[in-house]
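Data block below; observations after.
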Amino acid sequence: MDLFNLKGKRALVTGGTHGLGMAMAEGLASAGAELIITGTTPSKMEDALNYYKGKGYKASGYLFDVTNEVDAKENLEIITKEIGDIHILVNNAGIIKRELAITMPVEDFRRVIDVDLVGPFIMSQLVAKQMIERKEGKIINICSMMSELGRNSVSAYAAAKGGLKMLTQNLATEWAKHNIQVNGIGPGYFATSQTAPIRVDGHPFNDFIISRTPAARWGNPEDLAGAAVFLASKASDFVNGQVVYVDGGILATIGKPSNED
Numbered sequence: 033m034d035l036f037n038l039k040g041k042r043a044l045v046t047g048g049t050h051g052l053g054m055a056m057a058e059g060l061a062s063a064g065a066e067l068i069i070t071g072t073t074p075s076k077m078e079d080a081l082n083y084y085k086g087k088g089y090k091a092s093g094y095l096f097d098v099t100n101e102v103d104a105k106e107n108l109e110i111i112t113k114e115i116g117d118i119h120i121l122v123n124n125a126g127i128i129k130r131e132l133a134i135t136m137p138v139e140d141f142r143r144v145i146d147v148d149l150v151g152p153f154i155m156s157q158l159v160a161k162q163m164i165e166r167k168e169g170k171i172i173n174i175c176s177m178m179s180e181l182g183r184n185s186v187s188a189y190a191a192a193k194g195g196l197k198m199l200t201q202n203l204a205t206e207w208a209k210h211n212i213q214v215n216g217i218g219p220g221y222f223a224t225s226q227t228a229p230i231r232v233d234g235h236p237f238n239d240f241i242i243s244r245t246p247a248a249r250w251g252n253p254e255d256l257a258g259a260a261v262f263l264a265s266k267a268s269d270f271v272n273g274q275v276v277y278v279d280g281g282i283l284a285t286i287g288k289p290s291n292e293d
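Take the sequence shown: its letters are residues 33 to 293, numbered as in the numbering used here.
Set out below in structure tokens:
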């Protein structure tokens, strides 16, 4: 089990104030990592830090936009001075704007690309400089099933997440010689506060997800913790440039729905 022990490691999780980012951060903390959380909303940050500390985890929070290169650089310098070097970076911060491609404003398309793809590049570049000096580091990019598949009304998100998959592979190619592992996690459909309104019996999308997922259920946020710990720990020291899809088997099949024989 020492392979999965993160004691003495510091993990920076962007967008770790809520949702799946919070679930992965908690998984890392439960394995012993010290948490450094970024976000843009003061109230969410306060609530998140209270939650982490209430669980007995060591956690700090910093408010900045990962797409602002100057702001990100300044905050990382502050973090390094106040807390120390980053051993694990989880690029989780992201947004989605649902709009048909034919009507989507270009400014909205650019914003999604900026947050979901350029932000991870900025953070990875900044943190990797420390990791290269130290000859050690783990970077985990939060990809998506849309890194592999298209879907109606998410052209910007799919473009960004497809790009993030390829960025993951390229950074792994460039930085593996420095003992840095760059991998991704691709979540499927998860039970979060955002999906709560549609996760009700009789809702067409709820029925679709349950029937088309071989596991026949939505994912629970804690289902992501194991993948995060694995990719952040020594257990994955020879795993590089991969995306682990935590999706209940959706991407594994184009066969019959799970509720059919």
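The C-beta atom is built at its ideal place from N, Cα and C for all residues, glycine as well.
Start-to-end residues for the alpha helix (DSSP H) that takes in residue i
i, result
"Val205", "Per the sequence presented here, residue 205 reads as Thr, with Val not at that position. Here the alpha helix (DSSP H) through Thr205 covers 187–207."
"Gly258", "257–264"
"Leu81", "74–86"
"Arg244", "236–244"
Where residue i falls: helix, strand or coil (DSSP)
i, result
"Gln226", "coil"
"Val98", "coil"
"Ala91", "strand"
"Lys170", "strand"
"Thr49", "coil"
"Tyr277", "strand"
"Leu181", "coil"
"Gly251", "strand"
"Ile134", "coil"
"Ile120", "strand"
"Val271", "coil"
"Arg142", "helix"
"Leu38", "coil"
Outcome for residue i when other beta-carbon atoms lying within 10 angstroms are tallied against a minimum of 16
i, result
"Ile134", "exposed"
"Glu58", "buried"
"His119", "buried"
"Phe240", "exposed"
"Thr73", "exposed"
"Ser179", "buried"
"Asn202", "exposed"
"Leu196", "buried"
"Gly40", "exposed"
"Met163", "buried"
"Ala284", "exposed"
"Arg244", "buried"
"Gly218", "buried"
"Leu38", "buried"
Contact check, residue i vs residue j, beta carbons under 8 Å
i, j, result
"Leu132", "Ser176", "no"
"Ala257", "Ala55", "yes"
"Val232", "Ala188", "no"
"Asp269", "Gln213", "yes"
"Leu44", "Leu149", "no"
"Ala191", "Gly273", "no"
"Met136", "Val98", "no"
"Val276", "Gly251", "no"
"Asn123", "Asn82", "no"
"Gly281", "Ala247", "yes"
Cutoff 6 Å; reference residue i; Cβ partners in own chain excluding five residues on either side
i, result
"Ala61", "Leu67, Tyr89"
Start-to-end residues for the beta strand (DSSP E) that takes in residue i
i, result
"Arg42", "42–46"
"Val214", "212–219"
"Ile69", "66–71"
8 Å CB neighbourhood of residue i in its chain, flanking five on each side removed
i, result
"Ile330", "Missing from the structure shown is residue 330; the chain here goes from 33 to 293 and no further."
"Gly116", "Arg42"
"Gly182", "Ala190"
Chain-order list of residues whose beta-carbon lies under 7 Å from that of residue i (same chain, five-residue window excluded)
i, result
"Asp79", "none"
C-beta neighbour in chain B for residue i, strict 8 Å
i, result
"Val147", "Included in the structure is just one protein chain, with no chain B present."
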